[in-house]
Structures are given as structure tokens and as C-alpha cells.
Amino acid sequence: MRIVILHNPGSGRGRAARIARFAAESLRADGHEVQPAPPRPDTPTLAGLLDPGTLLVVAGGDGTVHRSLPALIESRAALYHLPLGTENLFSREFSMGGPEVLAAALREPRFTPIDLMRVRSAGVDEPAALMVSVGPDASILARLSRRRRGPIHRLSYAPHILAELLGPAVYPLTIEVDAQPAVLARPGLAVVANCAMYALGLNPAPDAHPADGVLDLAFIEGSLALSLLPRLARASRTNESIVRLRGKTFRITADAGAHAQADGEPIPQALGGLDLSIGVLPGAIRILRPVQSVA
Numbered sequence: 001m002r003i004v005i006l007h008n009p010g011s012g013r014g015r016a017a018r019i020a021r022f023a024a025e026s027l028r029a030d031g032h033e034v035q036p037a038p039p040r041p042d043t044p045t046l047a048g049l050l051d052p053g054t055l056l057v058v059a060g061g062d063g064t065v066h067r068s069l070p071a072l073i074e075s076r077a078a079l080y081h082l083p084l085g086t087e088n089l090f091s092r093e094f095s096m097g098g099p100e101v102l103a104a105a106l107r108e109p110r111f112t113p114i115d116l117m118r119v120r121s122a123g124v125d126e127p128a129a130l131m132v133s134v135g136p137d138a139s140i141l142a143r144l145s146r147r148r149r150g151p152i153h154r155l156s157y158a159p160h161i162l163a164e165l166l167g168p169a170v171y172p173l174t175i176e177v178d179a180q181p182a183v184l185a186r187p188g189l190a191v192v193a194n195c196a197m198y199a200l201g202l203n204p205a206p207d208a209h210p211a212d213g214v215l216d217l218a219f220i221e222g223s224l225a226l227s228l229l230p231r232l233a234r235a236s237r238t239n240e241s242i243v244r245l246r247g248k249t250f251r252i253t254a255d256a257g258a259h260a261q262a263d264g265e266p267i268p269q270a271l272g273g274l275d276l277s278i279g280v281l282p283g284a285i286r287i288l289r290p291v292q293s294v295a
């Protein structure tokens with residue numbers, strides 16, 4: 001099989017390049033044609049390396065997977081995530097592991113189509129694979145993004161979590177599901193999920209499935225981050241103060257200052273406030289499924 005390996009030089013505390021080289025050598029030894037992608041390619045460059053018969057191996061974190069999605073949609077190449085990030089939610093969702101798991105999967109390759117999400121904000125459209133959220137968690141990511149200067153780890157989030165817990169009140173959100181009102185100007189945190197996995201194993205939408213043609217909303221009500229984040233921690237085990245709905249299209253609006261994120265990456269917003277549209281893209285890409293007994 002023809003394989004393109006894309007690695008993020010900042011992932012794995014600098015180990016990504018070494019692991020990508022090891023994976024490439026192992027795959028060539030198994031008879032595959034392997035080509036490295038340039039670091040941080042733009043979408044046209046990456047898409048130009050891919051075609052429907054190619055497997056893109058992403059050696060990095062969820063952000064690197066997120067940035068590769070437009071090229072995967074355009075080229076119809078398949079995807080495998082070699083986990084080297086902080087959370088690695090995509091690889092955990094599909095039990096994808098290191099080079100030995102990848103090699104085993106390629107001996108009897110099984111490809112599965114999965115859904116993606118179309119996210120539109122401030123005139124910008126982008127795909128997402130995992131989830132979109134609006135609320136304190138997105139504010140924490142926005143704080144981190146503004147101050148990030150290199151590779152991060154879980155402790156990198158600590159000062160920003162503390163700042164958010166001590167910060168101002170949570171913004172009221174208005175949410176429509178399939179063009180029907182669901183939440184009207186209520187403060188809280190909204191997660192629209194394509195996959196069940198969420199940071200730190202919290203998983204507020206545990207029934208979300210990436211191949212069912214719908215997205216799952218979990219809206220957790222609360223006016224202060226100090227009380228809201230503990231509710232998020234319990235969201236996978238309780239429905240207390242949680243609105244749960246499924247649909248194909250969502251719209252979330254909020255006043256200026258409310259933050260949104262997709263797959264752990266900040267979403268741009270207009271100066272006048274947040275107006276976020278989210279829709280499902282059924283079967284948008286294919287993934288290489290691992291052999292479960294090896295994963």
C-alpha cells in the first residue's frame with residue numbers, strides 16, 4: 001500500500017520525528033511504499049500527496065489530525081492516527097496504537113467510513129472529527145493558545161483552569177437543534193459531539209457514535225465555572241442539570257466574549273458575538289481500523 005506519513009515536530013516532546021522514521025522503516029520492510037509529508041503542510045500541498053488508494057498516517061496529536069481533515073476530504077485518502085499528543089482522543093476512540101498496531105492493521109486492512117462535523121463561524125468553514133464546545137472549557141483552550149510557545153502537557157492547562165475557575169460568570173447560550181429551539185439564553189457549557197471521547201476522560205456525550213449520521217448535544221447548565229466544571233466531570237454518569245439531544249444541525253449563539261473550540265483548537269468568532277453553525281457530514285472520510293486483539 002502507498003502510505004504518506006505526516007508528523008508534527010512539536011508532538012511527543014520532540015519524539016514525533018524519530019517515531020515517524022521508525023514507523024516508515026518498519027512499513028517499508030513490510031513491502032509498503034512510504035513517503036514523508038513536509039512538516040505542517042497546507043491543505044493543497046497535503047492533498048496533492050494523497051489519493052483514494054493512499055493511507056495518511058498522522059504522527060502527532062488531535063490538532064494534527066484536525067488540520068489534516070480538509071485534505072482527507074478532498075483526496076478521499078484513508079486515515080490512521082499514530083498517537084503522540086496530549087490527549088490523543090481520536091486514536092483512543094478507534095483503539096489506534098503505535099507502529100506495531102499500525103503494522104498489524106495493514107496485514108489485513110479494514111477501512112471504515114466515519115462521519116465528520118462541518119463547523120462554520122465568522123464566515124469560516126472547517127471540518128472537525130471529535131467535538132465542538134462552547135463554554136469554560138473552550139475559554140481554557142483560548143487562554144492556553146494565546147500563551148503557547150511550544151509542546152504542551154497536561155500540567156500546561158493548570159494555570160488556565162485556575163484562571164477560569166476564578167473568572168467571570170459563564171455566558172448564556174441559545175441553542176437550536178435541527179432548526180428547533182432547545183436552549184434559550186441559559187448559562188452553561190455546550191458540547192456537540194461526533195465521538196464519545198473528551199479530554200481527561202470526562203466524556204459528557206458518552207453515547208455519541210462517529211458513524212450514526214447524527215451528532216449528540218450535551219448542555220450542562222451553570223452560571224459559574226467553579227460549579228460548572230465539576231458537573232462536567234460527572235456528566236458521563238448522570239443527567240442532572242443536563243440537556244441531551246440528537247440532531248443533524250445545530251446553531252449556538254452567545255454574546256461577545258464566549259469562546260468555542262473544535263477538536264481542541266480555538267474557533268474564530270466575529271467581534272459582535274458568537275454565531276456557530278454545526279452540521280454532520282456522513283461518511284466524510286475513511287479510517288484504517290486496527291486489529292482489536294493487538295490494540
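Numbered per this note's numbering, the sequence shown finishes at 295, counting up by one with no gaps.
Even for Gly, the Cβ is constructed at its ideal location relative to N, Cα and C.
Treat the numbers as computed from the prediction; the structure is a model and nothing was measured.
Asked: On the DSSP bridge list, what partners appear for Glu126?; Found: Val119
Asked: Kindly indicate which residue of Leu224, Lys248, Phe250 and Ala218 has the alpha-carbon position closest to the one of Glu240.; Found: Ala218
Asked: Does DSSP put His7 in a helix, a strand or coil?; Found: strand
Asked: Ignore the nearest five residues each way along the sequence and tell me which others in Leu6's own chain have a CB closer than 6 angstroms to its CB.; Found: Ala37 and Val58
Asked: Excluding the 5 residues preceding and the 5 following Ala295 in the sequence, name in chain order all residues of the same chain whose CB lies nearer than 8 angstroms to its CB.; Found: Below a pLDDT of 50, predicted positions are generally treated as unreliable, and Ala295, at 36, falls in that range; the measurement from the model is reported next regardless. Closer than 8 angstroms at Cβ, skipping near neighbours: Ser95, Met96, Gly97 and Val101.
Asked: Leaving out five residues on either side along the sequence, give the residues of the same chain with a beta carbon under 7 angstroms from the beta carbon of Arg231.; Found: Ile220, Gly222 and Ser241
Asked: Buried or exposed for Glu93, please, with buried defined as at least 16 other CB atoms from any protein chain shown within 10 angstroms of its CB.; Found: buried
Asked: Using the Cα positions of Gly273 and Asp137, report the straight-line distance between them to the nearest angstrom.; Found: 18 angstroms
Asked: Could you tell me whether the segment 251 to 265 touches the segment 63 to 79, where touching means 3 or more Cβ pairs closer than 8 angstroms?; Found: yes
Asked: Are three or more beta carbon pairs between the segment 200 to 215 and the segment 105 to 119 nearer than 8 angstroms?; Found: yes
Asked: Just how far apart, CA to CA, sit Gly188 and Gly85?; Found: 28 angstroms
Asked: Identify whether Asp137 lies in helix, strand or coil by the three-state DSSP scheme.; Found: helix
Asked: For Leu276, count neighbouring Cβ atoms within 10 angstroms of its own Cβ and tell me buried if that reaches 16, exposed if not.; Found: buried
Asked: The beta strand (DSSP E) with His81 in it runs from where to where?; Found: Ala78 to Pro83
Asked: Apply the 10 Å Cβ neighbour rule to Leu69 and answer buried if 16 or more other Cβ atoms are within range, or exposed otherwise.; Found: buried
Asked: Candidates Pro83, Ala78 and Gly48: which alpha carbon is nearest Asn8's?; Found: Pro83
Asked: Would you decide whether Ser11 is buried or exposed? Buried here means 16 or more other CB atoms lie within 10 Å of its CB.; Found: buried
Asked: Once the 5 residues before and after Ala47 are set aside, which same chain residues still bring their CB inside 7 angstroms of it?; Found: Ala71, Glu74 and Ser75
Asked: Are the CB atoms of Gln261 and Ser133 nearer to each other than 8 angstroms?; Found: yes
Asked: In this structure, how does DSSP classify Phe90 when only helix, strand and coil are distinguished?; Found: helix
Asked: CA-CA distance, Asp255 and Glu176?; Found: 16 angstroms
Asked: Do the CB positions of Met296 and Ala193 come within less than 8 angstroms of each other?; Found: The chain is shown from 1 up to 295; residue 296 falls before or after that span and cannot be answered.
Asked: Provide the residue span of the alpha helix (DSSP H) that contains Pro282, from first to last.; Found: Segment Leu274 to Leu288 is the beta strand (DSSP E) holding Pro282; no alpha helix (DSSP H) there.
Asked: Pick helix, strand or coil for Leu202, following the three-state DSSP scheme.; Found: coil
Asked: Starting from the C-beta of Ala199, find all residues in its chain whose C-beta is less than 6 angstroms away, skip the five residues before and the five after it, and write them out in chain order.; Found: Glu87
Asked: Grab me the residues of Asp125's own chain with a C-beta within less than 8 angstroms of its C-beta, minus the 5 sequence neighbours each way, in chain order.; Found: Arg118 and Val119
Asked: Rounded C-beta distance between Ala78 and Ile287? I'm assuming under 8 angstroms.; Found: 6 angstroms
Asked: If the criterion is Cβ atoms closer than 8 angstroms, does the pair Asp30 and Leu106 meet it?; Found: yes
Asked: Residue ranges of each alpha helix (DSSP H) run of no fewer than 4 residues wholly in the segment 16 to 46, ordered along the chain?; Found: 16 to 29
Asked: Rounding to the nearest angstrom, what Cα-Cα distance links Gly279 and Arg21 in this structure?; Found: 37 angstroms
Asked: If you measure between the beta carbons of Leu55 and Ile19, is that distance less than 8 angstroms?; Found: no
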